[in-house]
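In the working numbering, the protein residues as written are 5 to 143. Where a beta carbon is used, it is the ideal one built from N, C-alpha and C, also for glycine. Okay, so here's the structure we're looking at.
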């Protein structure tokens, strides 16, 4: 259960660190051609859709942040298998789920808001929160 039995502070820190996936992109903001890949899993088994929690398996989140000519581009892919129920016969079956997303990252917004531009907070983006939001909105 814990990495090191008997080390409460260490184990508590490790559990808290697993709860969020914050990516620091400061090192590539001013580096055209810079790239930061990422790969992690998220547990969305608590996400309820009409009394059903279809994400019974972990969601694999894979992607990268690239600096293309001074613009930060976030590419994100979510993959999992959902537990679905047939509307006709009521039988449970596995349904593959795949979603690709792309966003631009900015340190400040000019003019009106755009759903495809994400505002960085102190040079970071919370990929855990973003992947949960994208998963819910695309169900």
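Residues sharing a beta bridge with residue i, DSSP
i: residue 71; result: 76
i: residue 35; result: None; residue 35 has no bridge partner.
Residues of its chain near residue i, where Cβ-Cβ distance is below 6 Å and the 5 sequence neighbours each way are ignored
i: residue 104; result: 81
i: residue 83; result: 64 and 102
i: residue 44; result: 25 and 65
i: residue 98; result: 85
C-alpha distance - residue i paired with residue j, whole-angstrom precision
i: residue 26; j: residue 93; result: 42 Å
i: residue 135; j: residue 31; result: 22 Å
i: residue 184; j: residue 130; result: In the structure as shown, the chain begins at 5 and stops at 143. Residue 184 is therefore absent and cannot be evaluated.
i: residue 62; j: residue 89; result: 19 Å
i: residue 75; j: residue 87; result: 38 Å
C-beta atoms of residue i and residue j nearer than 8 Å
i: residue 77; j: residue 108; result: yes
i: residue 120; j: residue 79; result: no
Integer-rounded CB distance, given that residue j should sit under 8 Å from residue i
i: residue 71; j: residue 128; result: That belief does not hold up - the Cβ atoms of residue 71 and residue 128 are roughly 15 Å apart, past 8 Å.
i: residue 69; j: residue 96; result: Not a contact, Cβ separation roughly 37 Å.
Close beta carbons around residue i, own chain, < 7 Å, minus the five adjacent residues each side
i: residue 57; result: 49, 50 and 51
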